[in-house]
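A.B. asks: I'd like to ask you about the structure that follows.
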Amino acid sequence: MYIGYMGSVVFVVSSHYMITPSQVQRQDSGRWTEHDLIHKKPVSQFKGPGLGKISFKLQLRADHNVSPSSQLRTLRQMCDSGAVFPLVIGGRPVSQNYWRLDSLSQDENFYSPTGKLIQTNVSVSLVEYDDSNYIEEKTAIDKYGAIGNALAYFL
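Following this line, the structure appears as structure tokens:
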């Protein structure tokens, strides 16, 4: 049964294949600033919502027809390349924004007699990626890039 996906990592449970998130935790927060006043309590000001964080564990086991080394390679590539991706669980996106893989940790490794990784537990930490400012950034880059290109043409 299809559960969801995180970028190119698909969460599935069946009699032949199983990779599912467990111990899922989500943390959301607001951004606040404190303004100090003389002889009075500080005044709090709400700056806006903070970035959401999600953490969970994946148990990668060869006896569940999952290649632990292949899945680890995929996860490390997502982390090292700065990839942003949708997180979908239960057929619905977890957020209207994408997510980035902030950190990976691996423990409880078990190897076959030939040295092949057959089981590992991976802790995954995701941080929400808000791309709503992308238009402004792209416009500024295009504007200054066009000016730079024009200057380079005349020089």
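When you line the sequence shown up against the numbering used here, it's residues 19 to 173, in that order.
Here a beta-carbon is modelled for each residue, glycine too, at the ideal position from N, C-alpha and C.
Locate the alpha helix (DSSP H) running through leucine 69, then write down its first and last residues.
C.D. replies: Counting from 1 along the sequence shown, the entry for residue 69 is found at position 51. First-last for leucine 69: undefined, no H or E at that position.
A.B. asks: What first and last residue would you give for the beta strand (DSSP E) that runs through leucine 138?
C.D. replies: Position 120 of the sequence shown holds residue 138. It should be pointed out that residue 138 corresponds to threonine in this sequence rather than to leucine. Note, threonine 138: beta strand (DSSP E), 135–147.
A.B. asks: Taking its Cβ as the centre, do 16 or more other Cβ atoms sit within 10 Å of methionine 19, making it buried, or is it exposed?
C.D. replies: Within the sequence shown, numbered from 1, the residue matching residue 19 stands at position 1. When all chains shown are included, methionine 19 counts as exposed.
A.B. asks: Does glutamine 89 have its Cβ less than 9 Å from a Cβ in chain B?
C.D. replies: Looking for chain B here will not work: only one protein chain is present.
A.B. asks: Please list, in chain order, all residues of the same chain as tyrosine 23 whose beta carbon is under 7 Å from its beta carbon, the five residues on each side excluded.
C.D. replies: As a position in the sequence shown, residue 23 is number 5, starting the count at 1. Excluding residues within five positions, the ones whose Cβ falls inside 7 Å are Phe29, Val106.
A.B. asks: Give me the Cα-Cα distance between tyrosine 129 and serine 113, rounded to the nearest whole angstrom.
C.D. replies: Counting from one through the sequence shown, the residue named residue 129 turns up at place 111. Counting from one through the sequence shown, the residue named residue 113 turns up at place 95. Each residue's alpha carbon lies about 37 Å from the other.
A.B. asks: Look up isoleucine 56 in the DSSP assignment and give the residues it is bridged to.
C.D. replies: Translated into positions along the sequence shown, residue 56 becomes position 38. Per DSSP, none; premise fails for isoleucine 56.
A.B. asks: Can you give the Cα-Cα distance for asparagine 127 and methionine 96, rounded to whole angstroms?
C.D. replies: To locate residue 127, count along the sequence shown from 1; it is residue 109. To locate residue 96, count along the sequence shown from 1; it is residue 78. Between asparagine 127 and methionine 96, the C-alpha separation is close to 21 Å.
A.B. asks: Which partner residues does glycine 12 have in the DSSP bridge list?
C.D. replies: Nothing about residue 12 can be read from this structure; the chain reaches only from 19 to 173.
A.B. asks: Which residue comes first and which comes last in the alpha helix (DSSP H) that contains serine 87?
C.D. replies: Within the sequence shown, numbered from 1, the residue matching residue 87 stands at position 69. Run containing serine 87: 86–99, per the alpha helix (DSSP H) assignment.
A.B. asks: Can isoleucine 21 and alanine 80 be called in contact, C-beta distance under 9 Å?
C.D. replies: Locating residue 21 in the sequence shown gives position 3, counting from the first residue. Locating residue 80 in the sequence shown gives position 62, counting from the first residue. Contact flag unset, no.
A.B. asks: Between the region 32–40 and the region 81–89, are three or more C-beta pairs nearer than 8 Å?
C.D. replies: Output reads yes: the region 81–89 touches the region 32–40.
A.B. asks: Apart from the five residues just before and just after serine 143, which ones in its own chain have a Cβ nearer than 6 Å to its Cβ?
C.D. replies: In the sequence shown, the residue the question calls residue 143 occupies position 125. If we look at serine 143 and ignore the five residues flanking it on each side, its Cβ neighbours are Ser73, Asp120, Ser121.
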